[in-house]
Structure formats: C-alpha cells, structure tokens
Amino acid sequence: IVRGLDYYTRTVFEFVSGDIGAQSTVCGGGRYDGLISQMGGPNVPSLGFAMGIERIMLLLEAQKTELPKPAYCDLFIAAMGNNAQLKAAELCAALREDGFKVNTDICGRGLKAQMKYADKTGSRFTMVLGDNECETGCAKLKNMQSGEEIEVALSDISGSLLSAVHAAALDELADSILK
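In the numbering used here, the protein residues as written are 837 to 1015.
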C-alpha cells in the first residue's frame, strides 16, 4: 500500500469496501515516527488515521444499514385535561432541572395524536397523565421500544425515569452485542 503522503514509517493501512465503487477506501493511516520532530516538536512515535464520513455514509447506504433514530427526548408526557396539563408542565420543569430531556403537548391534541407525535420524534418513554393519574399520584411509564410499562409514583418520577433510562440503555447494549 502506498498512501498519498511520504511521512509514514513502516506500517500503513487501508480499509476498503467493494460496495462503494472506484473510490473504495473508507479509512486509511499508518505510523509516522519522525513527523512531529520534523514540525519542531519532540521525537514522538505516532500512529494516525483518517476516514471519510461521506464514504461511510455511502457504505451504509449500499449495505442498506438503518441507523437508529436518536432519542429526541427521554420522556414525552401526554396530558389529557386542564389539571393534567398543569401537572405535566410542573413535572417537565422538575425533570428538566434534573437534566432530562422532556416534552409535553401544549396544543391540546388528542391522546392518539400525542402518542403518534411522541413516536415520530423518537421519545424513549411516554407517560399518559389524566385526571385519575393526578388524583392517585401514579402513572404508567411506557418504554416506546419494548412496549413495557411500569407504574411510577409522580412524586419520584425523576428516580423512576433514571432507573428506566438506565435499564433501557443496558437492554439496547445487550441487544447490540447479541446481534
């Protein structure tokens, strides 16, 4: 392999793919022992590489690899009714203070439209909040990926959401390892 620059010493490498046409190099690099000293720095043996993001995107497209949707927010609270909307705003403020990305509907949409919006925007969890949930102080937290629901106390929503986010992250990690 001959890389385009002559500062490499001994080791050079390239990762290529036949899936992206004539310019098939996705990543390349090598060892360059004298480069830093040539630039006036200390004599430090080094190894470096570069990769083309455009080529990675072409490769993903050619292999029909679907990228996971980034989570828009940790929790979407679907509020039904005036009391629930006030409680949702209060919960959102508290959760945001604790570092969570939280969203709720302020347009007065129906439950089905709110849940569709939560799914479309990549919310990891949803919670439906109505008059009953406000009275009992409990609601169901739904993992949008697995469909699993757990009942949580609204007074401890931050702790419950943190536990649920961690559990979901571990599940996603385990799934990716086992694939």
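Ideal Cβ positions, reconstructed from N, Cα and C, are used throughout, including at glycine.
No experiment lies behind these values; they were computed from the predicted model shown.
CB contact flag (residue i, residue j, <8 Å)
i    : j    : result
V862 : F849 : no
I993 : L922 : no
E985 : K978 : yes
A915 : A929 : no
Y908 : T957 : yes
D910 : R960 : yes
D955 : S982 : no
I997 : F936 : A small correction: the amino acid at residue 997 is Leu; Ile does not occupy that position in the sequence shown. It is a contact, given that the beta carbons lie within the stated cut-off.
CA nearest to the CA of residue i, picked from the options
i    : options                  : result
S853 : T847, T940, G888, S994   : G888
D855 : G876, T847, L895         : L895
F912 : R846, Q981, Q950         : Q950
A975 : L965, E984, F885         : L965
L927 : K956, C970, Y953, E897   : C970
Q844 : G864, Q899, E1008        : At residue 844 the sequence reads Tyr, which differs from the Gln that was named. The residue with the shortest Cα to Cα distance from Y844 is G864.
V938 : L947, G946, N968, M963   : M963
D967 : D1011, L990, A1003, A954 : L990
L857 : A1004, A898, V1001       : The sequence given here has Gly at residue 857, not Leu. Nearest option by C-alpha distance: A898.
G917 : T901, R945, E933         : R945
R891 : Q859, A1003, H1002, K948 : Q859
Identity of the residues DSSP links to residue i by a beta bridge
i    : result
V938 : L911
R867 : L883
E897 : Answer is none; E897 lacks a bridge partner.
T861 : V852
Local Cβ density within 10 Å of residue i, reported as buried at 16 or more and exposed below that
i     : result
V880  : exposed
T940  : buried
C943  : exposed
L883  : exposed
R846  : exposed
L1009 : exposed
L903  : exposed
S873  : exposed
A1005 : exposed
G866  : buried
A920  : buried
A886  : exposed
Curious, which full-length beta strand (DSSP E) runs of at least 3 residues does the stretch 928–1012 contain?
938–940, 961–965, 974–979, 985–989
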